[in-house]
Every structure is written in C-alpha cells, then in structure tokens.
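Have a look at the structure below, then the notes.
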Amino acid sequence: MTETNPTTSVSEQQPKKEGLLANLLLNIVIPTLILTKLSGDDWLGTKWAIVVALAFPLIYGLRDLLQSGKINFFSALGIVSILLTGGISLLELDAKYIAIKEAAIPGLLGVATVVSLYTRWPLVKTLIYNDRILDTGKIARVLAGNGNESAFERTLQQASWMIAGSFFLSSALNYILAKVLLQSPPGTEAFNEELGKMTALSFPIIALPATIILMLVLFFLFRRIGKLTGLKLEEIMVQQ
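FYI, in our numbering the residues of the sequence shown are 3 to 242.
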C-alpha cells in the first residue's frame, strides 16, 4: 500500500513475506496439525493438544503486543478469543458456546464500528485512514482549501459502513462454520479434529473474503480522496 523505491523494496518486502509466513504457520498450520494429528492418547491427548495448539497463536499475539510497545485493541481481542476457545474446550462446555463466541467477536467489532461513527474517534480512522498509511495532514489541508470537508466526512461514513459489513459477514460465516463442523462432544479426539478443521478453514472461508472487502474499501477511499483533493495516489500515500 506504500510506495517503495528499487533500492529499498527488497529489504522491506522480505520481512513482510516472513511475517505473513509466520502468521499462517503459527496461527493456522501448526495448531491445525496438532489438533488433527496429535490429539490421540498415544500422543498429547485431547486436553494437552488443545493447550499446545492454542499456545502458538497466543505466544505470537503476545509477542506482537510486546514488540509494538502498546496495547493494540485488535491484537488484544485476538488473544481474548484464543483464551475463550481454550477455556470452553478444556472445561468441555457445549460446542455451541464456541460458535457463539466465534460470531460474537466480529459482530461486536461491527457494532463498535457503527457506534464509533457518532463519536470523535471513528474506527475507520484507526483501521485505514491514519498517518501510517496516508498523509492525513496534506489531505486535510487540501480538503479545507477545496471546501470538500463535509463531502469527505460522508465518504468516511460510507467506508465505515462497508467495514462494519465485513465484520458482520465474518460473524455470520464464523457461526455457520462452527455449527457445521463442531458436532462431537468436547473432550474427545473427534472434537479436537473438528476444531483443527475449523481453524484450517477459517482463512479461506472467513479471513479471505474479509480481506477482499477491506481492499475494496481502500480502493473506494483512495478514489474518493483523489476526486475530492485532485491529488494523485503517490501524493497522498506516506512515503517509506
């Protein structure tokens, strides 16, 4: 999303690729393999398989929080989600509670996105319209000069509703996936295997559509900024 020059592109893109690989391995691949292959009594057993499998995304999330040096709401929510999944599974509660939890977290994010529109801190500014991605100072100056501030606020509202829609879609897909896959009683090897399959399918079925929607929102926002300011994409992006 940011412009890079030829002398820095290799060094900047490599960490991103490594970060994506680590994310997929620690959050999806390794937990899935542990839950589906090592839950038998000859290996870790059902409870220890859950503990070990969830330890990988938990440690990865905590490491991200420590590296950033500040509490990131979305990272913290991810950690809470992992702990809830582990707690529900280890306590052998009904699988419906995992389905409810899976739907509740993105659903609450969608509600929070809509509610934030009526506060001084709309979530759209945290997610995409921020000074890590865009030169918000320059954009604000040009918008003020063109008299397009009100039109841009409407654009941010539209983008917020799109983002909220992606969260609500994730909520529905999460619930359906959990209800369809989690059929066995918690505390059994079959349940762990189903939990592993749910983890594996969460990326193509849930994360991928949400990411596509977010990219469409970015495209919509960049296009509207260009029309309202007359600036080109490279002029509004933060230069790295």
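Positions of the beta carbon are idealized from the N, C-alpha and C atoms, including for glycine.
Please classify N176 as buried or exposed, where buried requires at least 16 neighbouring CB atoms within 10 angstroms. Only buried fits N176, as 16 or more other CB atoms lie within 10 angstroms of its CB.
When you compare the CB positions of I36 and L92, do they come within less than 9 angstroms of one another, or not? With respect to L92, I36 sits apart: the two C-beta atoms are not nearer than 9 angstroms.
Does the Cβ of L179 have 16 or more other Cβ atoms within 10 Å, making it buried, or fewer, making it exposed? The C-beta of L179 has 16 or more other C-beta atoms within 10 Å across all chains shown, which makes the residue buried.
If you compare alpha carbons, which of V117, W123, G139, F58 is closest to T231? Among V117, W123, G139, F58, the Cα nearest to that of T231 is on G139.
What's the gap between the Cα of A142 and the Cα of P206? Taken atom to atom, the span from the alpha-carbon of A142 to that of P206 is near 37 angstroms.
Closest residue to K229 among E104, T157, G80 (Cα-Cα distance): Checking every option, the nearest Cα to that of K229 belongs to T157.
Tell me whether L129 sits in a helix, a strand or coil according to DSSP, three-state version. DSSP places L129 in helix when its eight states are reduced to three.
Which whole-angstrom value is the C-beta distance of A166 and G112, which I expect to be below 8 angstroms? Contact check for A166 and G112: beta-carbon distance about 4 angstroms, within the 8 angstroms limit, so the pair qualifies.
Option in S204, E155, V240, L136 with minimal Cα separation from A174: Minimum Cα distance to A174 is reached at S204.
Residues near K49 by beta carbon distance below 7 angstroms, same chain, minus five either side: Excluding its 5 nearest sequence neighbours in each direction, K49 has C-beta neighbours in its own chain below 7 angstroms: L92, listed in chain order.
Can you tell me which residues form a DSSP beta bridge with M239? DSSP lists L136 as partners of M239.
Considering only C-alpha positions, which residue in the set F170, K199, N25 is nearest to T115? The option with the nearest alpha carbon to T115 is F170.
With a threshold of 8 angstroms on Cβ separation, who are the neighbours of N7 within its own chain once the five nearest residues in sequence on each side are excluded? Any reading at N7 needs caution, since the residue's pLDDT is 42, under 50, leaving its predicted position unreliable; the model's value is listed next. Excluding sequence neighbours, N7 sits near nothing in its chain.
Are F58 and I32 closer than 9 angstroms when you measure CB to CB? Less than 9 angstroms separates the beta-carbon of F58 from that of I32.
Count the other CB atoms, across all protein chains shown, that sit within 10 Å of the CB of N29; report buried if there are 16 or more and exposed otherwise. In summary, N29 is buried, with 16 or more beta-carbon neighbours lying within 10 Å of its beta-carbon over all protein chains present.
Spatial neighbours of T128 within its chain, please: C-beta separation below 7 angstroms, excluding the five flanking residues on both sides. Only residues of its own chain outside the window of five on either side were considered, and among them none has a CB closer than 7 angstroms to the CB of T128.
Exposure of V126, with buried meaning 16 or more beta-carbon neighbours within 10 Å: V126 comes out buried.
If we define contact as Cβ-Cβ less than 9 angstroms, is L23 a contact residue for chain C? Chain labels in this structure do not include chain C; a single protein chain is all it has.
Is A97 near P187, with beta carbons less than 9 angstroms apart? For A97 and P187, yes; Cβs fall inside 9 angstroms.
For R122 and A55, what's the separation of their Cα atoms in angstroms? R122 and A55 have their C-alpha atoms some 40 angstroms from each other.
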